[in-house]
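Colleague:
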Amino acid sequence: MFFAPTLLALQEATSQPAPRLHSLCLSVGNADGLGGIRRRELARSLDVLGIGEGRRWVVDHPELQDNFTAHWDADIIATVLRPYVLEHNIATILTFDLHGISSHPNHISLPRGVSRLLSSLPTGSQKPHPRLFTLVTVPLHEKYMGLISPLLSKASMVFPARLDTTEASQATVVSNWAGYLQAHRAMREHQSQLVWFRWLYVSFSCYMWVNEWVEVMPSSGAQLAAAPEP
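For the sequence shown, the numbering used here gives the first residue as 2, with consecutive numbering after it.
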């Protein structure tokens with residue numbers, strides 16, 4: 002729903018080696034008792050976005066259930082993430098920022114959990130820790146500007162190039178019409194979630210067109226990981 006412009010842009014990147022994308026969803030979305038249906042819908046949506054079987058996983062952990070009133074525990078998130086990150090040699094992690102785009106507490110919990118994981122990884126290893134980028138929550142008046150969003154974005158910020166820098170970076174990804182239509186098709190696979198306000202989302206949300214990212218540097222991530230739970 003939120004990351005399509007970035008997923009599509011990375012798959013079109015000409016850098017070598019080409020980025021290998023993985024998707025890890027920490028909940029089946031069972032708040033309405035539709036977890037099984039939503040798991041299958043997510044799989045079909047990821048097919049549209051180019052992330053096939055073997056590179057996508059959905060976790061159904063008793064302490065990580067879809068709940069609009071509950072924050073998830075950072076230590077549990079870190080524990081769940083660890084085997085996926087280590088086994089698949091994940092170099093970069095993309096997730097929500099501390100505002101969660103929609104203020105959803107599950108979303109807000111994710112950067113804390115990732116930071117907790119990164120701060121727990123051993124130091125001194127020849128292999129660098131994964132980098133963490135968070136998706137910027139834009140002000141409400143900017144969220145639903147639709148086609149105006151890419152026109153207002155800073156075209157000079159090119160995602161693949163900026164992501165390869167060694168210093169803290171910001172990055173902006175802007176979709177074209179083809180990317181928007183592909184994201185729209187992916188969203189339509191989530192039939193159980195397409196209530197009226199989500200049709201407004203796919204029609205007008207800036208996140209269908211533009212993703213802005215900010216890197217969380219290790220020093221900031223350590224502070225975030227050590228911060229008390231909300």
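Glycine is no exception: its CB is placed at the ideal position from the N, C-alpha and C atoms.
1. Report all residues from its chain with a CB closer than 7 Å to the CB of VAL203; omit the five preceding and five following residues, and keep chain order.
2. Around the C-beta of VAL196, are 16 or more other C-beta atoms found within 10 angstroms, so that it is buried, or is it exposed?
3. Name the two residues that bound the continuous alpha helix (DSSP H) containing LEU87.
4. Would you kindly check if the distance between the Cβ of PHE69 and the Cβ of HIS100 is under 8 Å?
5. Enumerated in chain order, which unbroken segments of the alpha helix (DSSP H) with a length of 4 residues or greater are wholly contained in the region 25–83?
6. I'd like to know whether the C-beta atoms of ALA75 and ARG132 end up nearer to each other than 8 Å.
7. Grab me the residues of GLY37's own chain with a C-beta within less than 7 Å of its C-beta, minus the 5 sequence neighbours each way, in chain order.
8. Who are GLN171's beta bridge partners in DSSP?
9. Is there contact between the region 27–35 and the region 171–180, where contact requires at least three CB pairs shorter than 8 Å?
10. Leaving out five residues before and five after LEU43 in sequence, what residues of the same chain have Cβ atoms less than 7 Å from its Cβ?
11. Is the distance from the Cβ of LEU22 to the Cβ of LEU8 below 8 Å?
12. Across which residues does DSSP place ILE94 in a beta bridge pair?
13. Does DSSP put ARG186 in a helix, in a strand, or in coil?
14. Please work out which residues of its chain come closer than 6 Å, Cβ to Cβ, to ILE78, disregarding the five sequence neighbours upstream and downstream, and give them in chain order.
15. Compute the beta-carbon to beta-carbon distance between LEU122 and HIS130, rounded to the nearest angstrom, for a pair I have assumed lies under 8 Å.
16. Does the Cβ of PHE205 lie closer than 7 Å to at least one heavy atom of the ligand NAP?
Modeller: In brief:
1. HIS185, MET188, MET209
2. exposed
3. 75–88
4. no
5. 36–50
6. no
7. none
8. VAL215
9. no
10. CYS26, VAL59
11. yes
12. LEU133
13. helix
14. GLY114
15. 5 Å
16. Within the structure as shown, the ligand NAP is missing, as the structure has no ligands at all.
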